[in-house]
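J.: Dropping a structure here in structure tokens format, bear with me for questions.
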DNA sequence: CGCCTTGTATCGACAGACGATACAGTTATA
DNA sequence: TATAACTGTATCGTCTGTCGATACAAGGCG
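Chains as they are written, first to last, in the working numbering: chain A, 59 to 339; chain B, 59 to 339.
In structure tokens form, the structure reads like this:
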């Protein structure tokens, strides 16, 4: 049941799952004088939900977060009191709490890129009539911060906070095109290579090819690398220093577009939008 | 220079500010055996940004969160290491970190209401061609969890996590219409009465009138109570037990609609959508 | 019906967080 | 230019507050 031919479903990553193939935030936490363990434990507990598709029981949280049962209990109690964790509707187990959205709001509000980008993206969506996303570059992954749907979408793919590997998304490749070679190598080397679909390109040489192409034309195009039937075009958005901070995506369906037609139609629009965002201070 | 005529700008709440008139989450935290102070401190530190419009310095965080400078320093250091706080682009001060969006994603993913509502809302937006929101009922406030823009919007009003008082929004009134009288009284009594605009209705009797009306017709309509020029229609979304969990909003501009025309056009659509969401188990 | 899992609660011991304090680097004021 | 007022960073000893162990009530399930 585990590995069959090697190209079966088991090898492909499931995009709807919380498991997005990105390693844990805590690689080798040094125990500084300044590093507060109890704070880290609290966030570990909250992070237990990253890998879950359903409400978690207390003991499930404990083992998922690698914290003792007692500690988990007390932390959960505290987080629940503060509204960061809630009981499930049905009363069976815990789910993340609504107070988390307050911090989401703070993050989005205080992110200058999002502020600059929002009006431009709304314009872009009106003109393009396809799905528009803004994703933020976070090392190995691109995190969606603003999503503007146009047609019917799968549920999970439309959520703020969803993240996909930098390696195999149009926006990620566009971002890599603006990074020094060494950093690109580094990202490719450290990235998870498991494919999402049969078309996902994860071979270092092939990825590099796409990155170089993106350097030439100013945008990156991916076809069915994350979602079957989807073509996506990404253009990087740069910070004042010229460093890429994220990317604009335009995504469409292969049932309506050929990849080349899609690129011809939307590359100018996306580039223009990215330019508008970069230009504003 | 403080209070002039009493109806000046100073009396109105600024919707773009982080200050949304909602009291702090911590009213009177009892120090249980089970309550972990250091966890609460960490979240207090993160909450310092709720009232800020710009990056905060270490000392600013300390005093905004009511935590000693030393403690704030260590907590910030930890949160930064974990990615929950970042340095500002310009290097002056701190802002919330991108890792917060991971928890946003978890919250949205694991919220069954959002899962059920998303496809319905996308349909609704396609049919209505106006802005569609899903807000979640959280005591005195309604928190926006999904936003589907259609036309140009002001930046801050479009963010996930934005919250507005239950008292004076269409969705909040629709929710109150499904609550027992005592709870409605309670909410009205505890709510902040500061108006957003000249048209904001905060008088208890008048609010009750609107709630009763919503009980009759099944929806609530607000005109310019939060944003000048905006008319909004809200319909409650119920949980399995019949308790209101949130609301669907449709919002339009008074430059295109009279309030009555807006209600006639969109009340059926919104009700139908809410019904579809309620129905699905 | 007893068994297993759920969440809740208490207590003593000692890990570890707290406040005080100090220092270096940068921006503002005299 | 001097100097004051900030920034962020770092160290240390005391004592606070968290940890693990342990126990118990309330459902759910065979």
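Beta carbons: idealized from backbone N, C-alpha and C, even for Gly.
Since the model is a prediction, treat every value here as computed from it, not as a measurement.
Run through chain B and tell me which residues come within less than 8 angstroms of residue 156(A), C-beta to C-beta.
T.: If you number the first chain from 1, residue 156(A) lands on position 98. Neighbours of residue 156(A) on chain B, chain order: 165, 194, 196 and 201.
J.: CA-CA distance, residue 80(B) and residue 205(B)?
T.: Along the second chain, one-based indexing puts residue 80(B) at 22. Along the second chain, one-based indexing puts residue 205(B) at 147. Summary for residue 80(B): the model assigns pLDDT 40, below 50, so the residue's position carries little reliability, and this model does not support an answer.
J.: Would you grab the beta carbon distance between residue 242(B) and residue 269(B) for me? Rounded to a whole angstrom, and I think it's under 8 angstroms.
T.: Your numbering for residue 242(B) matches position 184 in the second chain. Your numbering for residue 269(B) matches position 211 in the second chain. Yes, they are in contact, since the Cβ atoms of residue 242(B) and residue 269(B) sit about 6 angstroms apart, within 8 angstroms.
J.: Using 8 angstroms as the limit for Cβ to Cβ distance, is residue 132(A) near chain B?
T.: Start at 1 with the first residue of the first chain, and residue 132(A) comes out as number 74. For residue 132(A), the answer is yes, since a Cβ of chain B falls inside 8 angstroms of its Cβ.
J.: Of all Cβ atoms in chain B, is any one closer than 8 angstroms to the Cβ of residue 83(A)?
T.: As a working note, residue 83(A) is residue 25 in the first chain. Low confidence applies to residue 83(A): its pLDDT is 41, below 50, so where it sits in the model is not reliable, and the reading given next is rough at best. Taking Cβ atoms only, chain B reaches closer than 8 angstroms to residue 83(A), which makes this a yes.
J.: According to DSSP, is residue 327(A) part of a helix, a strand, or is it coil?
T.: What you label residue 327(A) is simply residue 269 of the first chain in a count that begins at 1. Three-state result, residue 327(A): helix.
J.: Looking at the strands, I want to know which residues DSSP matches up with residue 179(A).
T.: On the first chain, residue 179(A) is found 121 positions in, with the first residue counted as 1. In DSSP, residue 179(A) forms no bridge with anything.
J.: Please specify which runs of the beta strand (DSSP E), each continuous and at least 3 residues long, are wholly inside the stretch 237-298 of chain B, giving them in chain order.
T.: Fully enclosed beta strand (DSSP E) runs of 3 or longer: 278-281 and 288-296.
J.: Counting only beta-carbon separations shorter than 8 angstroms, does residue 122(A) have a partner in chain B?
T.: As a position in the first chain, residue 122(A) is number 64, starting the count at 1. No, its Cβ sits nowhere closer than 8 angstroms to a Cβ of chain B.
J.: Please list the partners that residue 297(B) has in chain A, where partner means a Cβ-to-Cβ separation under 7 angstroms.
T.: Within the second chain, residue 297(B) is the residue found at index 239, counting from 1. The contacting residues are 147.
J.: Once DSSP output is grouped into helix, strand and coil, what is the label at residue 217(B)?
T.: As a working note, residue 217(B) is residue 159 in the second chain. Note: residue 217(B) maps to coil in three-state DSSP.
J.: Restricting to runs no shorter than 3 residues, where is the beta strand (DSSP E) found entirely within the stretch 91-152 of chain A?
T.: The stretch 91-152 of chain A contains these whole beta strand (DSSP E) runs: 143-145.
J.: Within a Cβ cutoff of 8 angstroms, which residues of the same chain sit near residue 245(B), ignoring the five residues on either side of it in sequence?
T.: The count along the second chain starts at 1 and reaches residue 245(B) at position 187. Correct list, in chain order: 197, 198, 224, 225, 234 and 237.
J.: Judging by CA-CA distance, which residue of 230(A), 217(A) and 179(A) is the nearest neighbour of residue 161(B)?
T.: In the second chain, residue 161(B) corresponds to position 103, counting from 1. When each option's Cα is compared against that of residue 161(B), the closest is 217(A).
J.: Can you find a C-beta in chain A that's less than 8 angstroms from the C-beta of residue 170(B)?
T.: Position 112 of the second chain holds residue 170(B). Yes, contact with chain A.
J.: Check the Cβ-Cβ distances between residue 206(A) and every residue of chain B, and say whether any is below 8 angstroms.
T.: What you label residue 206(A) is simply residue 148 of the first chain in a count that begins at 1. So, interface residue.
J.: So, does the CB of residue 86(B) fall closer than 8 angstroms to a CB anywhere in chain A?
T.: Taking the second chain and counting its residues from 1, the one referred to as residue 86(B) is at position 28. Residue placement at residue 86(B) is poorly supported in this model, since its pLDDT is 39, which falls under 50; the coordinates still yield a value, given next. Chain A, which has no Cβ nearer than 8 angstroms to the Cβ of residue 86(B), makes this no.
J.: Give a yes or no on contact between the stretch 152-160 of chain B and the stretch 110-122 of chain B, applying the rule of three or more CB pairs nearer than 8 angstroms.
T.: Contact holds: three or more Cβ-Cβ distances are below 8 angstroms.
J.: Do residue 109(B) and residue 133(B) come within 8 angstroms of each other at the CB atom, strictly closer than that value?
T.: Walking along the second chain from the start, residue 133(B) turns up at place 75. Walking along the second chain from the start, residue 109(B) turns up at place 51. Contact flag unset, no.
J.: Counting only beta-carbon separations shorter than 8 angstroms, does residue 236(A) have a partner in chain B?
T.: For the purposes of this step, residue 236(A) is identified with residue 178 of the first chain, where counting begins at 1. Not an interface residue.
J.: Could you tell me the alpha carbon to alpha carbon distance between residue 289(A) and residue 279(A), rounded to whole angstroms?
T.: Within the first chain, numbered from 1, the residue matching residue 289(A) stands at position 231. Within the first chain, numbered from 1, the residue matching residue 279(A) stands at position 221. Roughly 7 angstroms separates the two Cα atoms.
J.: Can you round the beta-carbon distance between residue 188(A) and residue 308(A) to whole angstroms, since I take them to be within the 8 angstroms contact cut?
T.: Position 130 of the first chain, counted from the first residue, corresponds to residue 188(A). Position 250 of the first chain, counted from the first residue, corresponds to residue 308(A). Between residue 308(A) and residue 188(A) the Cβ distance is about 5 angstroms, and since that is below 8 angstroms, they are a contact.
J.: Using the C-alpha atoms, what's the distance from residue 335(B) back to residue 175(B)?
T.: Within the second chain, the letter at position 117 stands for residue 175(B). Within the second chain, the letter at position 277 stands for residue 335(B). The straight-line gap from Cα to Cα measures roughly 6 angstroms.
J.: Count the other CB atoms within 10 Å of the CB of residue 102(A); is the residue buried (16 or more) or exposed (fewer)?
T.: Taking the first chain and counting its residues from 1, the one referred to as residue 102(A) is at position 44. Under this definition residue 102(A) is a buried residue.
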